[in-house]
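Here the sequence shown is numbered in this note's numbering, starting from 3 and rising by one per residue.
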Amino acid sequence: MENPLQKTVSGIKGVELVAMDLSGTSAAMEIKLEKGTSLREVYHQIQSQGGTALARKDLKLKVTNPGSARLEQWWSTALFDIAQAMETKQYAQIPATLKEKAAQADQTGGAITATTEMDENYVYITLTDGEASKYIMLPRAAAKMGVWPNE
3 MENPLQKTVS GIKGVELVAM DLSGTSAAME IKLEKGTSLR EVYHQIQSQG
53 GTALARKDLK LKVTNPGSAR LEQWWSTALF DIAQAMETKQ YAQIPATLKE
103 KAAQADQTGG AITATTEMDE NYVYITLTDG EASKYIMLPR AAAKMGVWPN
153 E
């Protein structure tokens, strides 16, 4: 039997629900996205339409689209610069960095497309290389540190 949240997610255009876990304080979902679907829009639609099933739960999305070794390698070369931009809250550097890295990749073996979106919680990055894709959600707020045991 399909629960209301499954129905909501499955009803979003361009989204296929793969798995869902609503245990504890989080709502974890594995989804597949059609090419051109905005991860930011999907996240917001699930948040706004999730109703009581998401009340007081932290929504965690994992996109399971097929990637490629080339995309993973490309992302690993961009990651240091992206991490630095995130750490220093220089979010405007992220699209510029990805554009620069994509131009380098274009010269060495074909086009990789990188798109970025942002909201108050995340920076969303979508990388595509032909049919392969990688979706990344980078939290804008750093993880909260707990109290050290010796303090």
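Positions of the beta carbon are idealized from the N, C-alpha and C atoms, including for glycine.
Quick caveat, the model's predicted, so the values are computed rather than measured.
Just to confirm the assignment: which complete beta strand (DSSP E) runs, minimum length 3, are found wholly within the segment 102-126?
Correct list: 115-120.
Which of helix, strand or coil does DSSP assign to lysine 9?
Helix.
Using C-beta distances below 6 Å, list every residue in its chain close to tyrosine 137, excluding the 5 sequence neighbours before and after it, in chain order.
Once the five neighbours on either side are set aside, the close Cβ partners of tyrosine 137 are Leu41, Val65 and Thr128.
Mapping DSSP to helix, strand and coil, what is threonine 27?
Reduced to three states, the DSSP call for threonine 27 is coil.
As a quick exercise: from Thr79, Tyr45, Ala94 and Tyr124, pick the residue whose alpha carbon is nearest that of leucine 63.
Considering only alpha carbons, the answer is Tyr45.
Okay, do the segment 47-63 and the segment 20-30 touch, 3+ Cβ pairs below 8 Å being the bar?
Segments in contact, yes.
For the alpha helix (DSSP H) containing isoleucine 48, name the first residue and the last one.
It spans 41-51 - the alpha helix (DSSP H) in which isoleucine 48 sits, taken as one unbroken run.
Is aspartate 121 closer than 7 Å to serine 70 when the C-beta atoms are compared?
Not closer than 7 Å, so no.
Whole angstroms are fine: how far does the CA of lysine 34 sit from the CA of threonine 117?
Between threonine 117 and lysine 34, the C-alpha separation is close to 17 Å.
Starting from tyrosine 85 and walking both ways along the alpha helix (DSSP H), at which residues does that stretch end?
Per the sequence presented here, residue 85 reads as alanine, with tyrosine not at that position. Where alanine 85 is concerned, the enclosing alpha helix (DSSP H) stretches over 71-89.
Assign lysine 103 to buried or exposed, taking buried as 16 or more other Cβ atoms, counted over all protein chains shown, within 10 Å of its Cβ.
That one is buried.
Would you check if the distance between the CB atom of glutamate 32 and the CB atom of alanine 21 is smaller than 7 Å?
Cβ atoms of glutamate 32 and alanine 21: closer than 7 Å.
If distances are taken between C-alpha atoms only, which option among Leu140, Ser78, Leu7 and Val125 comes closest to glutamine 47?
When only C-alpha atoms are compared, the closest one is Leu7.
At which residues does the beta strand (DSSP E) containing isoleucine 138 begin and terminate?
Element bounds for isoleucine 138: 134-141.
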